[in-house]
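Data block below; observations after.
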């Protein structure tokens, strides 16, 4: 894994990590990795796992990201990070605008606005348990734990 | 798994490199130089913990002996604690013999150990994880030695060290095992292009390969090798030699291809094996081994399949709430993160869009006004048609097998006549499934249900075919048995007449000096059966490969190159590129395995052929998929169907066990070939072994155990146990459903409370009316909290308070505000996970991510 990280920018990343260099790779390099480049959520993933929220990742962040996205990560952990990824405005709730952004990213803007709005309303109706019009972490976890293929789709093999 | 392994390697290497640096930090912080010396020692020798610990302990002992009393020691300890309180806890260096402290220490060590083992699951950042891990490891390392008492200390430390080494060894072994898994990169490539569903086929194939490899190892090592190495060589016995009549053509390729000739009389088939009780200097009991290996093949396969099913069942959690979260799941779980290829990504976007549109349409049209009667009629019609097809195909096979029997009696048979059975079966397997699919269009089912029906029908087709084939084969076998009696008589007479003549001549020879090739041979029905299975398997392999080659590759070439000069767009229109037929391939694999299981008792070499087949299949199909298939248009859910395939495999295992068990139990083995020749029944070999090889009491034990009086109660007991376990499982399921219903009801209640105020508590209603808008804002978060805690009772006394305050007028506003603040604190003393979030959202965020995750994650627990 370290070599994958290094391969992204061999001139920036030293081979020797004993003196804990503070090396951060910019988002563009991370986003161009073959595992991530086709993912519509790659920007959000990088932002969530980077230390300061701007998408630039150190080796530790990189490790973090791939360990959560690996096969062996427990379901709750994945659900927690999935929630953060889909929360575009970082307000600890997935509100309607977050949902709209998600749908548009998923369908590449092919649905009409009415369809998008219908989908978002349905999602809130289905998953919102405390009726505040947006999804909290608990709602999200409660919903995603039941999903049969969450574990297999929220997984990157590296 | 690679990721985990590499991550752990990385972590270890990181921590290894970082540890000395961290220790150096500690060193600087430590106040006493002696401590620093000890720490420095420890740095340099990471692996040699024991000696340094001993060293440290001896040093500490010295310190202790210098002290006067326990009190002073404790005081010293607390002094040291205070002095090093500025440093982290790992740098404190004390030793205590008092009981409570020891217990506390032990508890702390246990805590740290637990922390280390669950570290992976915590949702912290990697930096934090690494630092906490190092801290905990250092702590544990330090104090473990201290926990032993007196002389036992060294032994304790030694035991600890061994335990740690053992853990490390296990982890390294696990990493090694992960590395050994073959074809990981290939599967990843397929996965990134085609998604997780197609890759699941290849993972299944790899698993099958593993199982077959083990079976092959068993059979090869325990049956074939001993016979080849220690048994009589080729040509020494009648059963091992090609009969004189056939010798002329024995080497011809066409004969070899039919598995006659030299191949028939080789270790690949049952007939080669000698029935000598023991062979070679090892006194290896071959017939016994043959029998036991045959049984253990089934036993091992059964165990492996059931273990895999149990594991799958564990992983799939509640599957009740299917209807409730359709849109949510579509939104959050439809994107497959494994996709790493733009073409596939395009496809995925398109399929997601289509899927959303479909669901929207479904949602928009409410109860469709459909004609139930018409639909039912169509479904019945479709089923009738399909049953006709199945019966037709069954009869066709039977007819063809019968014909092949008459053919075998004829003299010159063409290639077609000889292979007619296999060809017909393969053709049926190729054309019937699409036929079923077109008929199934009449039924108009939901696609997933339609798929299950389709799989079920194809399964029935293959089953019917297989069993018809077997029945025809049984006829053949019976015929051969009758023939055998004849030959036996002939041989008997020949021997007799020769004996008489030799007596007349006065020669002392008792056995006719006949060349083994000339001895009249009985028809060896087991070998015939084995040959039939091998031929079927080989033809199946060939047909599969040719289908892939023609159906996928040639088609792709055609579409690609002829498209330039064709009227309509070949790529979008009719032939276009093929999609990978997952279900067809998986079923093919399952049935192939069934045939292997059936045939392996009579043809030990069959498993070897299958291993080769699976190996080449892996590479060939990977190549074919990558080069000539396109990703699916519709999403095929990989997770749920896995147990379905395992279930099919299990069914096939049982079905293939039946014929073999029947033949073992009730048919007499051939008199002149195979390891059981000369016995009345094949299982007599067990009896023989018990009587002759084991001491007497074992035979007695077995005879008691085999007593029906013991077996029948045992079977009854097992049946009762199954019934009991079933009842328990049902009870759990019912309890589960009840709980789900309760949760559902509660959720609905809350929703109703919000949406439909008329149904709520009238007192609450009054209070709400009394409140001014500003207080309503305050009450909203509190009420939301109430819902979370699920104790509506609490709101009433509080709100009564509030009401009382309100009635007093505005001066009490402050009081009411005060009245509102205590409740949140009350809630906070409960499981903190629920209470913290709501009232103080503003406070949480500045603290950053770190404390946030813990309550959130705790909730997940």
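Protein chains in written order, with the UniProt record's numbering: chain A, 1 to 158; chain B, 1 to 861.
Where is the CB? At the ideal position from N, CA and C, for every residue including glycine.
Run down chain A in chain order and give the residues with a C-beta less than 9 Å from the C-beta of residue i.
i                      : result
residue 338 of chain B : 35, 152, 153, 155, 156, 157
residue 360 of chain B : 111, 115, 118, 119, 122
residue 191 of chain B : 157
residue 644 of chain B : Neighbours of residue 644 of chain B on chain A: none; closest Cβ ~13 Å, over 9 Å.
residue 349 of chain B : 40, 106, 107, 108, 110
Note the first and the last residue of the continuous alpha helix (DSSP H) segment covering residue i.
i                      : result
residue 243 of chain B : Residue 243 of chain B -> no alpha helix (DSSP H), and no H or E assigned at all.
residue 46 of chain A  : 42–49
residue 328 of chain B : 326–333
residue 616 of chain B : 606–628
residue 568 of chain B : Element bounds for residue 568 of chain B: n/a, residue is neither H nor E.
residue 161 of chain A : Here chain A has residues from 1 to 158 only, and residue 161 of chain A is not among them.
residue 267 of chain B : Where residue 267 of chain B is concerned, there is no enclosing alpha helix (DSSP H), given that its DSSP letter is neither H nor E.
residue 257 of chain B : 253–257
residue 113 of chain B : 99–118
residue 591 of chain B : 582–599
residue 409 of chain B : 372–409
residue 127 of chain A : 113–127
residue 181 of chain B : No alpha helix (DSSP H) holds residue 181 of chain B; DSSP gives it neither H nor E.
residue 876 of chain B : Because chain B is modelled from 1 through 861, residue 876 of chain B falls outside the range shown and cannot be assessed.
residue 155 of chain A : Unbroken run through residue 155 of chain A: none, as it is neither H nor E.
residue 228 of chain B : 225–230
residue 143 of chain A : 137–145
residue 687 of chain B : 684–693
residue 535 of chain B : 525–547
residue 701 of chain B : 696–705
Sorry if obvious, but does the Cβ on residue i come closer than 6 Å to a heavy atom of the ligand SAH?
i                      : result
residue 624 of chain B : For the structure depicted, the ligand SAH is absent and the ligand set is empty, with no information on it obtainable.
For residue i, which residues in chain B fall below 7 Å Cβ to Cβ?
i                      : result
residue 100 of chain A : Ordered by position in chain B, no residue passes the 7 Å Cβ test against residue 100 of chain A, which lies about 11 Å from the chain.
Can you list the residues of chain A that residue i reaches, using a CB-CB cut of under 7 Å?
i                      : result
residue 680 of chain B : Residues of chain A passing the Cβ test: none, with the nearest at roughly 55 Å.
residue 328 of chain B : 123, 126, 127, 143
residue 342 of chain B : 38
residue 352 of chain B : 106, 107
residue 345 of chain B : 38
So is residue i in contact with chain D if we call contact Cβ pairs under 7 Å?
i                      : result
residue 325 of chain B : Within the model displayed, chain D is absent; protein chains A and B are what it includes.
Taking C-beta pairs closer than 8 Å, name the residues in chain B that residue i reaches, listed in chain order.
i                     : result
residue 8 of chain A  : Under the 8 Å cutoff, chain B gives no residues; its nearest Cβ is about 15 Å from residue 8 of chain A.
residue 44 of chain A : Going along chain B, no residue has its Cβ under 8 Å from residue 44 of chain A, so there is no contact; the nearest lies around 12 Å.
How would you list, in chain order, the residues of chain A whose beta-carbon sits under 8 Å from the beta-carbon of residue i?
i                      : result
residue 335 of chain B : 39, 40, 41, 106, 153
residue 188 of chain B : 157
residue 331 of chain B : 99, 102, 103, 106, 119, 123
What does residue i touch in chain B if you count any residue whose Cβ is under 9 Å from its own?
i                     : result
residue 52 of chain A : Going along chain B, no residue has its Cβ under 9 Å from residue 52 of chain A, so there is no contact; the nearest lies around 10 Å.
**Asked** Do the stretch 111–126 of chain A and the stretch 321–337 of chain B meet, that is, are 3 or more Cβ pairs less than 8 Å apart?
**Response** yes
**Message:** Under 8 Å: do the stretch 531–545 of chain B and the stretch 600–613 of chain B share three or more Cβ pairs, one atom per stretch?
**Reply:** yes
**Asked** At which residue ranges does the stretch 280–321 of chain B contain complete alpha helix (DSSP H) runs of 4 or more residues, listed in the order of the chain?
**Response** 286–315
**Message:** Restricting to runs no shorter than 4 residues, where is the alpha helix (DSSP H) found entirely within the stretch 29–101 of chain A?
**Reply:** 42–49, 59–68, 75–86
**Prompt:** Taking Cβ-Cβ distances below 9 Å as the criterion, which residues of the stretch 10–25 of chain A are in contact with chain B?
**Reply:** 16, 17, 18, 19, 20
**Message:** When you compare the stretch 418–437 of chain B with the stretch 337–355 of chain B, are there three or more beta-carbon pairs, one atom per stretch, that lie closer than 8 Å?
**Reply:** no
**Request:** Give a yes or no on contact between the stretch 337–351 of chain B and the stretch 176–193 of chain B, applying the rule of three or more CB pairs nearer than 8 Å.
**Result:** yes
**Request:** Tell me, please, whether the stretch 225–237 of chain B touches the stretch 271–283 of chain B by the rule of three or more beta-carbon pairs shorter than 8 Å.
**Result:** yes
**Asked** Just by C-beta distance, which residues in the stretch 69–87 of chain A are closer than 9 Å to chain B?
**Response** 69, 70, 71, 72, 73, 74, 75, 76, 77, 79, 80, 81, 82, 83, 84, 86
**Asked** Touch check for the stretch 582–599 of chain B and the stretch 450–457 of chain B: three-plus C-beta pairs under 8 Å?
**Response** yes
**Prompt:** Taking contact to mean at least 3 C-beta pairs separated by less than 8 Å, is the stretch 22–38 of chain A in contact with the stretch 5–12 of chain A?
**Reply:** yes
**Message:** If contact is defined by three or more beta carbon pairs under 8 Å, each pair taking one atom from either stretch, is the stretch 678–686 of chain B in contact with the stretch 660–669 of chain B?
**Reply:** yes
**Prompt:** Does the count of Cβ pairs from the stretch 125–142 of chain A and the stretch 294–314 of chain B closer than 8 Å reach three?
**Reply:** no
**Prompt:** Below 8 Å, can you find three or more Cβ-Cβ pairs linking the stretch 36–47 of chain A to the stretch 85–92 of chain A?
**Reply:** yes
**Prompt:** Within the chosen definition, does the stretch 286–294 of chain B reach the stretch 210–223 of chain B through at least 3 CB pairs nearer than 8 Å?
**Reply:** yes
**Prompt:** Three or more beta-carbon pairs under 8 Å between the stretch 165–173 of chain B and the stretch 547–563 of chain B, yes or no?
**Reply:** no
**Sufficient close CB pairs (3 or more, under 8 Å) joining the stretch 647–659 of chain B to the stretch 241–255 of chain B** = no
**Request:** Closer than 9 Å, Cβ to Cβ, to anything on chain A: give me those residues from the stretch 457–476 of chain B, in chain order.
**Result:** none
**Prompt:** Taking contact to mean at least 3 C-beta pairs separated by less than 8 Å, is the stretch 64–76 of chain A in contact with the stretch 139–158 of chain A?
**Reply:** yes
**Asked** Would you call the stretch 290–309 of chain B and the stretch 256–269 of chain B touching, i.e. three or more CB-CB distances under 8 Å?
**Response** no
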